[in-house]
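**Q** Residue numbering for the sequence shown follows full-length UniProt numbering, starting at 1 and increasing by one per position. The beta carbon of each residue, even a glycine, is placed where N, CA and C say it ideally should be. Fair warning: this is a prediction, and the values are worked out from it, not measured in the lab.
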Amino acid sequence: MAKYRKLSRTSSQRKALLRNQVTNLLYHGRIVTTEAKAKEVQKIAEGIIAMAVREKDNFDEVTVQAKVARKDKDGKRVKEVVDGKKVTVYDTVEKKIKKDQPSRLHARREMLKVLYPVKSAGKTKKEIKEVDMPKMLFEEIAPKYADRNGGYTRIVKIGTRKGDGALEVVLELV
Numbered sequence: 001m002a003k004y005r006k007l008s009r010t011s012s013q014r015k016a017l018l019r020n021q022v023t024n025l026l027y028h029g030r031i032v033t034t035e036a037k038a039k040e041v042q043k044i045a046e047g048i049i050a051m052a053v054r055e056k057d058n059f060d061e062v063t064v065q066a067k068v069a070r071k072d073k074d075g076k077r078v079k080e081v082v083d084g085k086k087v088t089v090y091d092t093v094e095k096k097i098k099k100d101q102p103s104r105l106h107a108r109r110e111m112l113k114v115l116y117p118v119k120s121a122g123k124t125k126k127e128i129k130e131v132d133m134p135k136m137l138f139e140e141i142a143p144k145y146a147d148r149n150g151g152y153t154r155i156v157k158i159g160t161r162k163g164d165g166a167l168e169v170v171l172e173l174v
C-alpha cells in the first residue's frame with residue numbers, strides 16, 4: 001500500500017498544490033476540492049493543527065525596553081538639532097512580548113515549511129496586510145480544539161463535477 005497519493009503530478013507540483021490547499025483551508029476554514037486531494041490535505045492539516053494545540057501555551061511573557069520615535073500631534077517624528085545635524089528624538093518604552101520556548105519555535109518553523117505566506121484582502125496597497133499563519137494557528141485555531149483529541153477536519157461529499165465527473169467534496173474545519 002502506498003504512503004500517499006501521487007495525484008497525477010510531479011513531486012514539486014504535488015507539494016505546491018498541497019501546500020496551497022492546506023494554507024487556504026486553515027485561512028478560510030473550508031475548501032472545495034476532489035476527494036483524493038481532500039484526503040491528502042486532511043492528513044497534513046490535522047498534523048499542523050495538532051502541533052499548534054500541543055504548543056499553544058508554551059511561551060514566556062518577557063518585558064523588554066524598546067526605543068520608539070517621539071511623534072508630534074500630526075504623527076510626524078520629532079527632530080532636534082545636535083552638532084548641526086537633525087536627529088530624531090527617541091523615548092524608551094517598556095513592552096511585554098511573548099518569547100517562544102524552543103519546542104514552540106520548532107513547531108512554528110515546521111508550520112512555515114508547509115504554509116505559504118498569506119496576504120489579507122484590501123482595496124488599496126495600504127490595506128493589504130501580511131497574515132502570520134503560525135500566530136493565527138496558535139492564537140485562534142488551537143484554543144478552539146484544545147479539548148479535542150484529533151478529528152479537526154471533516155469531509156462532506158457534494159457530488160460529481162460537471163466537466164470530468166470527479167467526486168467533489170467540501171473539506172472544512174470542525
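Measuring CB atoms only, is the segment 55-63 touching the segment 37-45, in the sense that at least three cross pairs come out at less than 8 Å?
**A** No, the segment 55-63 does not touch the segment 37-45.
**Q** Got a sec, what are the start and stop residues for the beta strand (DSSP E) T33 sits in?
**A** Its beta strand (DSSP E) spans residues 30-34.
**Q** How about T92 and A69: do their beta carbons lie closer than 9 Å?
**A** Not a contact, by the Cβ cut-off of 9 Å.
**Q** From M111 to D72, what distance separates their C-alpha atoms?
**A** If I take the Cα positions, the gap works out to 41 Å.
**Q** With distances taken between CB atoms, is the gap from K113 to V131 smaller than 9 Å?
**A** Cβ distance not < 9 Å, so K113 and V131 don't count as in contact.
**Q** Just reading off the beta strand (DSSP E) that E80 is part of, what are its end residues?
**A** Note, E80: beta strand (DSSP E), 79-82.
**Q** Got a sec, what are the start and stop residues for the beta strand (DSSP E) R104 sits in?
**A** Where R104 is concerned, there is no enclosing beta strand (DSSP E), although the alpha helix (DSSP H) it sits in stretches over 102-114.
**Q** With the cut-off set at 9 Å, would you say G150 and E55 are in Cβ contact?
**A** Contact flag unset, no.
**Q** Taking the beta strand (DSSP E) that K157 belongs to, which residues open and close that run?
**A** First-last of the beta strand (DSSP E) with K157: 153-160.
**Q** So for I97, helix, strand or coil by DSSP?
**A** Strand.
**Q** Alpha carbon to alpha carbon, what distance is there between L173 and R30?
**A** Between R30 and L173, the C-alpha separation is close to 6 Å.
**Q** Can you tell me where the beta strand (DSSP E) with K85 in it begins and where it stops?
**A** Here the beta strand (DSSP E) through K85 covers 85-88.
**Q** Measure the Cβ-Cβ separation of I97 and L26 and say whether it is below 9 Å.
**A** It is not a contact, given that the beta carbons lie outside the stated cut-off.
**Q** On the criterion of 16 or more Cβ atoms from any shown chain inside 10 Å, does P117 qualify as buried, or is it exposed?
**A** Answer is exposed; the Cβ neighbour count stays below 16.
**Q** Once the 5 residues before and after P143 are set aside, which same chain residues still bring their CB inside 7 Å of it?
**A** Correct list, in chain order: K56.
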